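Novice: Going by full-length UniProt numbering, 39 is the number at position 39 of the sequence shown; the sequence numbering is gapless. C-beta: ideal position from N, C-alpha, C; glycine also. In this text the structure is predicted, and so the values were computed from the model without any measurement. Here you go, one structure.
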Amino acid sequence: MRRRILPFSPWHLLLMPTALLFVLPLVHMVLTSFMTEREINRFPPRFIPSGLHLEGYRKLFAESHILEWLGNTVFVSAVSVVSHLVLCSAAGYGFARLRFAGRGLAFAAVLATVMIPIQLLMIPTYLMFARIGIVDTLAAAFVPWLASAFGIFLMRQFFLSLPAELEEAARIDGCGTLRTFVSIVLPLARPALATLAVFTLLSSWNDLLWPLVAISDDHKYTLQVGLATFQGMRRTEWSQLMAGNVVATMPLVLAFLVAQKRFIATMSLSGLKG
1 MRRRILPFSP WHLLLMPTAL LFVLPLVHMV LTSFMTEREI NRFPPRFIPS
51 GLHLEGYRKL FAESHILEWL GNTVFVSAVS VVSHLVLCSA AGYGFARLRF
101 AGRGLAFAAV LATVMIPIQL LMIPTYLMFA RIGIVDTLAA AFVPWLASAF
151 GIFLMRQFFL SLPAELEEAA RIDGCGTLRT FVSIVLPLAR PALATLAVFT
201 LLSSWNDLLW PLVAISDDHK YTLQVGLATF QGMRRTEWSQ LMAGNVVATM
251 PLVLAFLVAQ KRFIATMSLS GLKG
């Protein structure tokens, strides 16, 4: 009877307005990027631009280093994702399967770092980076993202959910710990690895506070730091800022659209496996 009345699930009646509510700010940002400063600042505000004005994009590419910022952000995010997948999976497997003295205490110490506010770590981290000479370089932006307590915890919990009999069978066949981890465990951990990659990509791509402190050379800015320079105490270039936000947001949106099926399958599988 339900299928005769509605060609879709009744839940869609709730999900569609909710999805529209989340999409509206993105649509408004794109439309605002094609407005002039006068249209943006007029009252009452308007949602649809009077024409396809490209002043914001012209100023963005002519007066800023947007392409360099985009390249820096892609590089920092790529290094962060790869290092997270390697280091967090290795540490998570060690805490889940390897037996060594102080394992529980070490894991508790790792989790305890989650409760430390990032603001409290900025000054000692900056002083440490200054001593080793990586302040005002891209290394200062990606080194804090090489690993995280959340990533280690996520991978450890996933490895604990895998049956230990698979690894025992591999050892009987002559596989060592490293080969068992690489050949048996990691292929089974693809859902958790993909989930960790998505969270790391979003966090490193949108990071503003630490790069703003550690980098002062405008050629080494990431996108978020560069876009922050468009906002001043007395004046904000709204058309330029909205155009920059479109450039910063569209790569993530396109990446999600391309990998949408794999992303949804990954989240579903990771939820089923605990």
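Three-state secondary structure (DSSP) at residue 335?
Specialist: The displayed coordinates of the chain run from 1 to 274. Any statement about residue 335 would go beyond what the structure contains.
Novice: Would you give the residue range spanned by the alpha helix (DSSP H) that Tyr-57 belongs to?
Specialist: Note, Tyr-57: alpha helix (DSSP H), 55-63.
Novice: Excluding sequence positions up to five away, which residues of its chain have a Cβ less than 8 angstroms from the Cβ of Ala-197?
Specialist: Only Val-81, His-84 and Leu-85 meet the Cβ criterion.
Novice: Are the CB atoms of Gln-240 and Gly-56 nearer to each other than 8 angstroms?
Specialist: Yes, the Cβ-Cβ distance between Gln-240 and Gly-56 is below 8 angstroms.
Novice: Identify which residue in Ala-141, Val-246 and Ala-90 has its Cα closest to the Cα of Ile-66.
Specialist: Among Ala-141, Val-246 and Ala-90, the Cα nearest to that of Ile-66 is on Val-246.
Novice: Just how far apart, CA to CA, sit Arg-190 and Leu-146?
Specialist: Their backbone Cα atoms lie some 19 angstroms apart in a straight line.
Novice: Within 10 Å of its beta-carbon, does Gln-224 have 16 or more other beta-carbons around it, so buried, or fewer, so exposed?
Specialist: Classification of Gln-224: buried, given that the 10 Å Cβ count is 16 or more.
Novice: Measure the C-alpha to C-alpha separation of Met-115 and Ala-108 and round it to an integer number of angstroms.
Specialist: Rounded to whole angstroms, Met-115 to Ala-108 spans 12 angstroms at the Cα level.
Novice: Quick check: the Cα distance between Met-35 and Met-250, rounded to an integer number of angstroms?
Specialist: Looking at the two C-alpha atoms, the distance is approximately 18 angstroms.
Novice: If Cys-88 sits next to Gly-151, beta carbons under 8 angstroms apart, how far is it from one beta carbon to the other, in whole angstroms?
Specialist: Yes, Cys-88 and Gly-151 are in contact; Cβ-Cβ is about 3 angstroms, under 8 angstroms.
Novice: Per the contact definition of three or more C-beta pairs closer than 8 angstroms, is the region 155-173 in contact with the region 200-207?
Specialist: At 8 angstroms Cβ cutoff, the stretches do not touch.
Novice: Quick check on the DSSP output: the alpha helix (DSSP H) that includes Tyr-126 runs from which residue to which?
Specialist: 118-132 is the span of the alpha helix (DSSP H), which, as asked, contains Tyr-126.
Novice: Beta carbon of Leu-138, beta carbon of Asn-72: below 8 angstroms?
Specialist: In contact: Leu-138 and Asn-72 (Cβ atoms closer than 8 angstroms).
Novice: Could you work out which residue in Met-128, Gly-244 and Phe-158 is closest to Gly-94 when comparing CA atoms only?
Specialist: Ranking the options by Cα distance to Gly-94, first place goes to Phe-158.
Novice: CB Ser-9 to CB Gly-226, shorter than 8 angstroms?
Specialist: No.
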